[in-house]
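Asks:
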Amino acid sequence: MSSTEIQIKEMVAHKWDLASETFDTHAGHGIQSQKEKDAWKRAFQDVFPKKDLKILDVGCGTGELSLLFAEMGYKVTGIDISRQMLKTAKTKAEARGADITFGEGDAENPPFDISSFDIVFSRHLLWTLPNPKKAVENWKRVLRKNGKVVIIDGVWDSGTLESRVRRDAGALLTLLLERKDLRKGHAGYSDELKAQLPHAGGAPLEKVKEYLSNTGFEKIQIFDLKEVREAQKENMPLGERIVRSYQYYLICGRK
Ligand SMILES: C[S@@+](CC[C@H](N)C(=O)[O-])C[C@H]1O[C@@H](n2cnc3c(N)ncnc32)[C@H](O)[C@@H]1O
Numbered sequence: 001m002s003s004t005e006i007q008i009k010e011m012v013a014h015k016w017d018l019a020s021e022t023f024d025t026h027a028g029h030g031i032q033s034q035k036e037k038d039a040w041k042r043a044f045q046d047v048f049p050k051k052d053l054k055i056l057d058v059g060c061g062t063g064e065l066s067l068l069f070a071e072m073g074y075k076v077t078g079i080d081i082s083r084q085m086l087k088t089a090k091t092k093a094e095a096r097g098a099d100i101t102f103g104e105g106d107a108e109n110p111p112f113d114i115s116s117f118d119i120v121f122s123r124h125l126l127w128t129l130p131n132p133k134k135a136v137e138n139w140k141r142v143l144r145k146n147g148k149v150v151i152i153d154g155v156w157d158s159g160t161l162e163s164r165v166r167r168d169a170g171a172l173l174t175l176l177l178e179r180k181d182l183r184k185g186h187a188g189y190s191d192e193l194k195a196q197l198p199h200a201g202g203a204p205l206e207k208v209k210e211y212l213s214n215t216g217f218e219k220i221q222i223f224d225l226k227e228v229r230e231a232q233k234e235n236m237p238l239g240e241r242i243v244r245s246y247q248y249y250l251i252c253g254r255k
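According to the numbering used here, the sequence shown is numbered sequentially starting from 1.
1. Residue 174: which of 112, 144, 26 sits nearest, CA to CA?
2. Does the count of Cβ pairs from the region 142-152 and the region 77-94 closer than 8 Å reach three?
3. Does DSSP put residue 248 in a helix, in a strand, or in coil?
4. Check each candidate in 200, 196, 119, 189 and name the one with the smallest Cα separation from residue 159.
5. When you compare the region 30-37 with the region 54-61, are there three or more beta-carbon pairs, one atom per stretch, that lie closer than 8 Å?
6. So, at 8 Å on beta carbons, what are the nonlocal neighbours of residue 142 in its own chain, with the 5 sequence-adjacent residues on each side left out?
7. Helix, strand or coil for residue 217 per DSSP?
8. Assuming residue 130 and residue 5 make a contact with CB atoms under 8 Å, what is their CB distance in whole Å?
9. Candidates 137, 107, 193: which alpha carbon is nearest residue 11's?
10. Can you find the residues in the same chain that come closer than 7 Å, C-beta to C-beta, to residue 81, ignoring five residues on each side of it along the sequence?
11. Decide if residue 232 is buried, meaning its Cβ has at least 16 other Cβ atoms within 10 Å, or exposed.
12. Measuring straight from C-alpha to C-alpha, what distance separates residue 54 and residue 69?
13. Taking only heavy atoms of ligand 1 into account, decide whether any of them is closer than 8 Å to the Cβ of residue 124.
14. Who are the Cβ neighbours of residue 40 in its own chain at under 8 Å, not counting the five residues just before and after it?
15. In the DSSP assignment, find the alpha helix (DSSP H) that holds residue 21 and state where it starts and stops.
16. From 72, 241, 212, 76, pick the residue whose C-alpha is nearest to that of residue 230; which is it?
17. For residue 71, does the three-state DSSP call read helix, strand or coil?
18. Between which two residues does the alpha helix (DSSP H) containing residue 148 stretch?
19. For the putative contact between residue 219 and residue 251, defined by C-beta atoms under 8 Å, what is the C-beta separation to the nearest angstrom?
20. What I want to know is whether the C-beta of residue 55 ends up closer than 8 Å to one or more non-hydrogen atoms of ligand 1.
21. Check whether the Cβ of residue 2 lies closer than 8 Å to any heavy atom of ligand 1, and answer yes or no.
22. Looking only at its own chain, which residues have a Cβ that is under 6 Å from the Cβ of residue 134, when we skip the five neighbours before and after it?
23. My understanding is that residue 45 touches residue 155, with C-beta atoms under 8 Å, so please give their C-beta distance in whole angstroms.
24. Given 8 Å as the limit, tell me if residue 18 has its C-beta closer than that to any heavy atom belonging to ligand 3.
25. Could you spell out the range, first to last residue, of the beta strand (DSSP E) harbouring residue 104?
26. On the CB-based measure, 16 or more other CB atoms within 10 Å of its CB, does residue 1 come out buried or exposed?
27. Going straight from the alpha carbon of residue 74 to that of residue 145, what length do you get?
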């Protein structure tokens, strides 16, 4: 890894260390209701092959979805570069008696042997990687044959005036009406850091599909996660609901 890459990742890790305490309070991060949890489970049941699975959650953060996978009966390993996010994840797992292995590791180059997992999963991660293409290639490496990569991401800032106005208006409305700061639970990258990330406003579906097909993933499928999003919106302030009307998707492919 070049010294620039190391610096970028240190900055990213630091930002998430700071955001770790409030991360789960955000309605799009922490699971806020039984209805949302059930919707997530149904979404993953449609995507995961029905058998014992070893799942690697890359950029697992506070482990919200790692915990869900463990609850669904899967064997889960979560890696992240933020020690504080991992600390929160471990505390949550301990409190719930969940047997999950959490550890430090770079999602762009997961420290595991080839063919170690049935599923490599990432949520809200690709946008914050300096080398998303390299990450997808390495995810394929640690997947066993017929294993699946499962990615959830979205584009909250496409760079257009419309998307900026929607975000700013939503944040202002939430602050005025609900006295809630929408920046809480987010890392808030500087322009300098964003300039180092090819998808700083979110990874577009077409681009991610291209990464998967160029890496040789087959049977690519796309889901809109409508049921999950509807459930999440029930716990979001009005301003946040306005902000959330952007492209959001689950994409998966088979090795
Ligand atoms: C938006 S959070 C998403 C957390 C979790 N996946 C979720 O959906 O709740 C992004 C996470 O990716 C982690 N991250 C960023 N770059 C990473 C990298 N190169 N390797 C591992 N984790 C990384 C951050 O520390 C942070 O915990």
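Backbone N, C-alpha and C define an ideal beta-carbon position, used for all residues, glycine too.
Replies: The answer reads as follows:
1. 26
2. By the Cβ rule, the region 142-152 does not count as touching the region 77-94, because fewer than three pairs are nearer than 8 Å.
3. Strand at residue 248.
4. When only C-alpha atoms are compared, the closest one is 200.
5. no
6. Within the same chain, 56, 110, 112, 113, 114, 115, 116, 117, 120 come within 8 Å of residue 142 by CB-CB distance, once the 5 residues on both sides are set aside.
7. coil
8. 6 Å
9. Of 137, 107, 193, the residue nearest in Cα terms is 193.
10. 9, 12, 13, 104, 106
11. buried
12. Approximately 10 Å, taken between the alpha carbons.
13. yes
14. 31, 65, 68, 228
15. Going by DSSP, residue 21 is part of no alpha helix (DSSP H) at all; its letter is neither H nor E.
16. 241
17. helix
18. Run containing residue 148: none in the alpha helix (DSSP H); it sits in the beta strand (DSSP E), 143-155.
19. Residue 219 to residue 251, Cβ: 11 Å. No contact.
20. no
21. Residue 2 Cβ: outside cutoff for every heavy atom of ligand 1.
22. The residues are 108.
23. Going by Cβ atoms, the distance from residue 45 to residue 155 rounds to 26 Å, so no, they are not a contact pair.
24. In the structure shown, ligand 3 is absent; the only ligands present are ligand 1.
25. 101-104
26. exposed
27. 18 Å
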